[in-house]
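Written out below as structure tokens is the structure these notes cover.
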Amino acid sequence: KAGVTQTPRYLIKTRGQQVTLSCSPISGHRSVSWYQQTPGQGLQFLFEYFSETQRNKGNFPGRFSGRQFSNSRSEMNVSTLELGDSALYLCASSSLAGGPYRYFGPGTRLLVL
Amino acid sequence: AQSVTQLGSHVSVSEGALVLLRCNYSSSVPPYLFWYVQYPNQGLQLLLKYTSAATLVKGINGFEAEFKKSETSFHLTKPSAHMSDAAEYFCAVSVSNDAGGTSYGKLTFGQGTILTVHP
Chain A
1 KAGVTQTPRY LIKTRGQQVT LSCSPISGHR SVSWYQQTPG QGLQFLFEYF SETQRNKGNF
61 PGRFSGRQFS NSRSEMNVST LELGDSALYL CASSSLAGGP YRYFGPGTRL LVL
Chain B
1 AQSVTQLGSH VSVSEGALVL LRCNYSSSVP PYLFWYVQYP NQGLQLLLKY TSAATLVKGI
61 NGFEAEFKKS ETSFHLTKPS AHMSDAAEYF CAVSVSNDAG GTSYGKLTFG QGTILTVHP
């Protein structure tokens, strides 16, 4: 099976812009979650989706949003970018039926200038 | 709420030596525990997981971890380090918060331990 794919892999934006990141889970996986990784804060949970519904949400401002489509692909959007949003954004997929295992994609590295 | 503490942000060993990366967790309910490895400019790769079955868990690349409830620990070990083991390692915990089976809860990560292997 193909792994989790994330696009784009690298992105440069300026403050105030918005950005959309995409994640395609492993075939058959219906749960997708997103994490932000920064040197200062480490790995932090953003949100989790299952069957197009948000199941859990982390402690991030409303500028961070996400959605999941009927084919389980997910997108996350960050509006009004701030310098502190520079990070590696990781997507993970899970089948749930197979157990609590999340498989991570390679991430999208976002740089905000 | 659950939490994870990894003792030691940097661990250095010689090739062939024992690797021991420490992880302590806090959870009010039985947890699921994981170790992930991250190589530079890559995502996270699952090394091993504890899901309330055997307390000694074997993973990939010769790694194993032992769940000790009394010590709330889940330390990662490998008998003999290899140069290719150099990477950052993350311990993580999640708890199931959905009886409907739509979520195993968020992963809460430790701060990570960078493993350096000297020849």
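Going down the list, the sequences are from chains A and B.
Just so we're aligned: 101 in this note's numbering is position 101 of the first sequence, and the numbers increase by one with no gaps anywhere.
Just so we're aligned: 91 in this note's numbering is position 91 of the second sequence, and the numbers increase by one with no gaps anywhere.
Positions of the beta carbon are idealized from the N, C-alpha and C atoms, including for glycine.
Only a predicted model underlies this, so the values are computations on that prediction, with no experimental measurement involved.
Which residue or residues does DSSP assign as beta-bridge partners of L20(B)?
-> T77(B)
Relative to the alpha-carbon of V32(A), which residue among R109(A), L96(A), L113(A) has its alpha-carbon at the smallest distance?
-> L96(A)
S120(B) by DSSP, collapsed to three states: which one?
-> The structure shown does not extend to residue 120(B), since chain B spans only 1 to 119, so no value can be given for it.
Grouping DSSP H, G and I as helix and E and B as strand, with all else coil, what is G99(A)?
-> Here G99(A) sits in strand by DSSP.
Over what stretch of residues does the beta strand (DSSP E) that includes L44(B) continue unbroken?
-> 44-50
Give a yes or no on whether 8 Å exceeds the smallest Cβ distance from S28(B) to chain A.
-> no
Among all the DSSP beta bridges, which residues are the ones paired with V93(B)?
-> L33(B), T108(B)
Taking the CB atoms as reference points, tell me whether T5(A) and S27(A) lie closer together than 8 Å.
-> No. Outside cutoff.
Along the chain, where does the beta strand (DSSP E) that runs through S14(B) open and close?
-> 10-14
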